[in-house]
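In order, the protein sequence lines correspond to chains A and B.
Each residue of the first sequence is one higher than the last, beginning at 1 in full-length UniProt numbering.
Each residue of the second sequence is one higher than the last, beginning at 1 in full-length UniProt numbering.
Even glycine gets a Cβ: it sits at the ideal position worked out from N, Cα and C.
Being a predicted model, the structure only gives us computed values, none of them experimental.
Protein chains: 2
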Amino acid sequence: MSGVEDLTILCFLGITKESIVDVEAMVRKVEQKIESCSQQDVELHIERIFVISQAEPRLPLQLEDAVRPDGEGEEEGRATVNQDTRLDNRVIDLRTTTSQAIFRLQSGVCQLFRDTLTKKGFVEIQTPKIISAASEGGANVFTVSYFKSSAYLAQSPQLYKQMCICADFDKVFCVGPVFRAEDSNTHRHLTEFVGLDIEMAFNYHYHEVIDSITDTMVQIFKGLRDNFQTEIQTVNKQFPSEPFKFLEPTLRLEYTEAVAMLHEAGVEMGDEDDLSTPNEKLLGRLVKEKYDTDFYVLDKYPLAVRPFYTMPDPSNPKYSNSYDMFMRGEEILSGAQRVHDAQLLSERAQHHQIDLEKIKSYIDSFRFGAPPHGGGGIGLERVCMLYLGLHNVRQTSMFPRDPKRLTP
Amino acid sequence: MSGVEDLTILCFLGITKESIVDVEAMVRKVEQKIESCSQQDVELHIERIFVISQAEPRLPLQLEDAVRPDGEGEEEGRATVNQDTRLDNRVIDLRTTTSQAIFRLQSGVCQLFRDTLTKKGFVEIQTPKIISAASEGGANVFTVSYFKSSAYLAQSPQLYKQMCICADFDKVFCVGPVFRAEDSNTHRHLTEFVGLDIEMAFNYHYHEVIDSITDTMVQIFKGLRDNFQTEIQTVNKQFPSEPFKFLEPTLRLEYTEAVAMLHEAGVEMGDEDDLSTPNEKLLGRLVKEKYDTDFYVLDKYPLAVRPFYTMPDPSNPKYSNSYDMFMRGEEILSGAQRVHDAQLLSERAQHHQIDLEKIKSYIDSFRFGAPPHGGGGIGLERVCMLYLGLHNVRQTSMFPRDPKRLTP
Numbered sequence: 001m002s003g004v005e006d007l008t009i010l011c012f013l014g015i016t017k018e019s020i021v022d023v024e025a026m027v028r029k030v031e032q033k034i035e036s037c038s039q040q041d042v043e044l045h046i047e048r049i050f051v052i053s054q055a056e057p058r059l060p061l062q063l064e065d066a067v068r069p070d071g072e073g074e075e076e077g078r079a080t081v082n083q084d085t086r087l088d089n090r091v092i093d094l095r096t097t098t099s100q101a102i103f104r105l106q107s108g109v110c111q112l113f114r115d116t117l118t119k120k121g122f123v124e125i126q127t128p129k130i131i132s133a134a135s136e137g138g139a140n141v142f143t144v145s146y147f148k149s150s151a152y153l154a155q156s157p158q159l160y161k162q163m164c165i166c167a168d169f170d171k172v173f174c175v176g177p178v179f180r181a182e183d184s185n186t187h188r189h190l191t192e193f194v195g196l197d198i199e200m201a202f203n204y205h206y207h208e209v210i211d212s213i214t215d216t217m218v219q220i221f222k223g224l225r226d227n228f229q230t231e232i233q234t235v236n237k238q239f240p241s242e243p244f245k246f247l248e249p250t251l252r253l254e255y256t257e258a259v260a261m262l263h264e265a266g267v268e269m270g271d272e273d274d275l276s277t278p279n280e281k282l283l284g285r286l287v288k289e290k291y292d293t294d295f296y297v298l299d300k301y302p303l304a305v306r307p308f309y310t311m312p313d314p315s316n317p318k319y320s321n322s323y324d325m326f327m328r329g330e331e332i333l334s335g336a337q338r339v340h341d342a343q344l345l346s347e348r349a350q351h352h353q354i355d356l357e358k359i360k361s362y363i364d365s366f367r368f369g370a371p372p373h374g375g376g377g378i379g380l381e382r383v384c385m386l387y388l389g390l391h392n393v394r395q396t397s398m399f400p401r402d403p404k405r406l407t408p
Numbered sequence: 001m002s003g004v005e006d007l008t009i010l011c012f013l014g015i016t017k018e019s020i021v022d023v024e025a026m027v028r029k030v031e032q033k034i035e036s037c038s039q040q041d042v043e044l045h046i047e048r049i050f051v052i053s054q055a056e057p058r059l060p061l062q063l064e065d066a067v068r069p070d071g072e073g074e075e076e077g078r079a080t081v082n083q084d085t086r087l088d089n090r091v092i093d094l095r096t097t098t099s100q101a102i103f104r105l106q107s108g109v110c111q112l113f114r115d116t117l118t119k120k121g122f123v124e125i126q127t128p129k130i131i132s133a134a135s136e137g138g139a140n141v142f143t144v145s146y147f148k149s150s151a152y153l154a155q156s157p158q159l160y161k162q163m164c165i166c167a168d169f170d171k172v173f174c175v176g177p178v179f180r181a182e183d184s185n186t187h188r189h190l191t192e193f194v195g196l197d198i199e200m201a202f203n204y205h206y207h208e209v210i211d212s213i214t215d216t217m218v219q220i221f222k223g224l225r226d227n228f229q230t231e232i233q234t235v236n237k238q239f240p241s242e243p244f245k246f247l248e249p250t251l252r253l254e255y256t257e258a259v260a261m262l263h264e265a266g267v268e269m270g271d272e273d274d275l276s277t278p279n280e281k282l283l284g285r286l287v288k289e290k291y292d293t294d295f296y297v298l299d300k301y302p303l304a305v306r307p308f309y310t311m312p313d314p315s316n317p318k319y320s321n322s323y324d325m326f327m328r329g330e331e332i333l334s335g336a337q338r339v340h341d342a343q344l345l346s347e348r349a350q351h352h353q354i355d356l357e358k359i360k361s362y363i364d365s366f367r368f369g370a371p372p373h374g375g376g377g378i379g380l381e382r383v384c385m386l387y388l389g390l391h392n393v394r395q396t397s398m399f400p401r402d403p404k405r406l407t408p
């Protein structure tokens, strides 16, 4: 019937905590509300009880410890559970009300993402994860033994999304794993995460792409706010945070404006320098103060700090038609208009000192008619972490993978 | 504006086939229907035309050849395009009306799968693809270099689905890549395909699981029939096939009945022998003749031919609570009630001579309360191939991977 937690009668019967039982019982109304249960108006008068699956008596962690907010009950000597213990015993940790809420909300993010894009006429595609050549020069790529040869794990579905645009699909999205062999041990990096990817042809201006993506994000935020309040409040009980704020339409800042705001706040950086992670966070706070939003787009990055396939800004060759999106000051999406002309793409690659032979098939994709297009990739776990105001991406990955963790 | 195919005026202007153009034109009604175009009632009177992306003059394949049914136009010496040429030039091959229809229908299958399960209370989960140990003994698994160590690519999300059931998620599904390092070069094997996976706890009988899965399949078949007729007919124009037939409720045969039908048709096989692929196909034809359905479930497989984690039939230990599902005589799903008791699971693994140390974490997942549960995994590409009556799974994989193909 259900997990057994606090029923003293079961302890009395010798049934261990977390065992699965079937119960035959009469449901009776009670005169006084039962404050300690979620069903407060009725109680079961048990006639027969069957133990379907007996849990071992010693649990590796206690559920009541695993949902306790940091610091609470410290005086009484009550424990909280550290992250490695949680992850090592994920089957039990996922039973907490907090974990259940996080991953039901995550399921909601995927559904809202797909439903919004389907309504906008996007087609869902499935892209291969085993690839023959490392698309961006070979750094940070996992190698796979492939029969008598070797292959790589895709760092992004970008090439395949772009090929679909060149193949007349017009607007596509995909949801799937993305692999990064980066030895980064931070709160926000995983070696495998779920990418929510978008790519589309546009008619007049790449801002059509930005508008489609930001509207999709806004639909996700609204859907969560309207349909997942119980989950949000459950998570907040253990991990308090401010409600997530967003504007309609989404705030779009240009890179030069952001640099000016940072200069004004005392940061020393050149106009065409990339943003460091601390400066991204600071900028997030400045934007929140000035515009009261936790979500915004930073547009027109310096060309020099973006990958070779990024379209230069036709009116100012120092900048580019590229953008990042931020939630609570952390990047959740990187995207751009892509170069769709084989000749220009070759020139840009050469400028980046990339071996043209290695990216020949990528460049050849654009030789038989390619519409102007752009897109971006969103990290699912980051979106969930930042929406909920959590502080570690491992909290929003069911079975996280990092340089030091491959289990369970 | 759109791909350019047959407009002689463009050839006259020197614009190559498949180039992308923007057109400024007057839309005029025509007096006589234009039979050769999909827009038959209007025509464009071009005022200005801009070439947005010029295709190279020599296309590696012609779209009109790529959509020609086998044999048609042979007398006039007209070409068709062989599969490797198509796949080598997938960006162009995907532009055909047939390819567009196939992959829009595939997008529909995924959506129908998820929407049906979401309505039934299932939660979508994301499972890791990089795993530390090969779950089923290590055969047919791809190895990945993982920093200074090595890892594997998941052959199925099964362990993770089961962990989610043990973690109180009750009913889960996932859609994602599945990897098989099998050196099989057949019409129906891929080394990477998309798995539509289901797992659920049940209350009384594992047939609750079968009923949930078959009803999901029926909702998919109905959704395709009702909403994708244009796509189905487009594919049929090039690849004619009989409409896909199914019953409600789905036909469920027991293994012994199937063996009896095969015996009656002259096949020699033992009661507990596994079904060979030709016998599966023959059985499909016999079932179609007798019951007029292209979809059915074969239940209660002999225990000996199933994996160690399969629940034995409590009333007949030679058989098991396991099942396959078939479309047009080919397997699309394999599933079972799983052993949810750590002790029995250890015994079954030992019986299969599996090293218990290697599957310790799998077995340990069931030590802290595990409800009876079952599920199965469906191959997306096979479902699309068999629903449409196609004959090669590479037709329903955008960028297929097999032992000999890793590109594009």
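Just verifying my parser: in three-state terms, what is the DSSP assignment at residue 222(A)? It is helical.
Going by the DSSP bridge assignment, what does residue 143(A) pair with across the sheet? 152(A)
Can you list, in chain order, the residues of its chain whose CB lies under 7 angstroms from that of residue 5(A), leaving out five sequence neighbours each side? Summary for residue 5(A): the model assigns pLDDT 41, below 50, so the residue's position carries little reliability; its value from the coordinates is reported in the next sentence. Within the same chain, residue 5(A) has close Cβ partners 17 and 63.
Could you tell me which uninterrupted alpha helix (DSSP H) segments, each at least 4 residues in length, are contained entirely in the segment 307-388 of chain B, listed from first to last along the chain? 342-351, 360-364 and 380-387
Do residue 195(B) and residue 241(B) have their beta-carbon atoms positioned less than 9 angstroms apart in this structure? no
At a CB distance below 8 angstroms, what residues from the segment 108-121 of chain A approach chain B? Give them in sequence order. 110, 111, 114 and 118
Would you say residue 129(B) reaches chain A, if we count a Cβ-Cβ gap shorter than 9 angstroms as a contact? For residue 129(B), the nearest beta carbon of chain A is closer than 9 angstroms to its own beta carbon.
On a CA-only basis, which of 84(A), 248(A), 285(A) and 244(A) is nearest residue 261(A)? Give me that one, please. 285(A)
By the criterion of Cβ-Cβ separation under 9 angstroms, what are the contact partners of residue 163(B) in chain A? For residue 163(B), the C-beta contacts it makes with chain A under 9 angstroms involve 90, 91, 94, 398, 399 and 408, in order along the chain.
Please classify residue 34(B): does DSSP put it in a helix, a strand, or coil? coil
Is the beta carbon of residue 172(A) sitting closer than 9 angstroms to the one on residue 125(A)? yes
Under a three-way DSSP split, which group does residue 115(B) fall into? helix
Excluding the five sequence neighbours on either side, which residues of its own chain have a C-beta within less than 7 angstroms of the C-beta of residue 403(B), listed in chain order? 183, 185 and 191
Taking the straight line between their C-alpha atoms, what separation do you get for residue 264(A) and residue 304(A)? Cα-Cα distance, rounded: 24 angstroms.
My parser needs the beta strand (DSSP E) runs of 3 or more residues fully inside the segment 251-291 of chain B; what are they? 251-254
Looking only at C-alpha atoms, which of 271(A), 321(A) and 266(A) sits nearest to residue 282(A)? 266(A)
Cβ of residue 18(B) less than 9 angstroms from any chain A Cβ? Interface residue, yes.
Could you pull the start and end residues of the beta strand (DSSP E) that residue 160(A) belongs to? Taken as a continuous stretch (DSSP letters only), residue 160(A) belongs to no beta strand (DSSP E), being part of the alpha helix (DSSP H) at 158-166.
Contact set between residue 168(A) and chain C, taken where Cβ atoms lie within less than 8 angstroms: Within the model displayed, chain C is absent; protein chains A and B are what it includes.
Three or more C-beta pairs under 8 angstroms: does that hold for the segment 367-374 of chain A against the segment 323-341 of chain A? yes
I want to verify the contact list: residues of chain B whose CB lies under 7 angstroms from the CB of residue 38(A), in sequence order. Simply none; closest approach about 14 angstroms.
What first and last residue would you give for the beta strand (DSSP E) that runs through residue 48(A)? Per DSSP, residue 48(A) belongs to the beta strand (DSSP E) from 42-53.
List the whole-angstrom C-beta distance separating residue 24(A) from residue 48(A), where the pair is believed to meet the contact cut-off of C-beta under 8 angstroms. 4 angstroms
Does the Cβ of residue 75(B) have 16 or more other Cβ atoms within 10 Å, making it buried, or fewer, making it exposed? With fewer than 16 other Cβ atoms inside 10 Å of its own Cβ, residue 75(B) counts as exposed.
Would residue 388(A) pass as an interface residue toward chain B - the criterion being a Cβ-Cβ separation below 9 angstroms? no
Going by other Cβ atoms of all chains shown within 10 Å of its Cβ, with 16 needed for buried, is residue 388(B) buried or exposed? buried
Please classify residue 416(B) as buried or exposed, where buried requires at least 16 other C-beta atoms within 10 Å of its C-beta. Chain B is shown only over 1 to 408; residue 416(B) falls outside these bounds and no answer can be derived.
Can you tell me where the beta strand (DSSP E) with residue 299(A) in it begins and where it stops? 295-299
Examine chain A for any beta-carbon lying closer than 9 angstroms to the beta-carbon of residue 238(B), and answer yes or no. no
Would you mind reading off the limits of the alpha helix (DSSP H) that contains residue 87(B)? 83-88
Return the chain-ordered list of same chain residues with a C-beta closer than 7 angstroms to the C-beta of residue 219(A), the five sequence neighbours on each side being excluded. 112 and 116
Do residue 246(A) and residue 277(A) count as a contact pair if the criterion is CB distance below 9 angstroms? no
Could you check how far apart the C-beta atoms of residue 106(B) and residue 396(B) are, in whole angstroms? I think they sit under 8 angstroms. 6 angstroms
Check the C-beta distance from residue 400(B) over to residue 129(A) and give it rounded, since I have them as a contact under 8 angstroms. Contact flag wrong, Cβ pair sits at about 13 angstroms.
Per-residue DSSP class, three states only, for residue 390(B): Coil at residue 390(B), not helix or strand.
Less than 9 angstroms between CB atoms is the rule here; does residue 153(B) satisfy it with respect to chain A? yes
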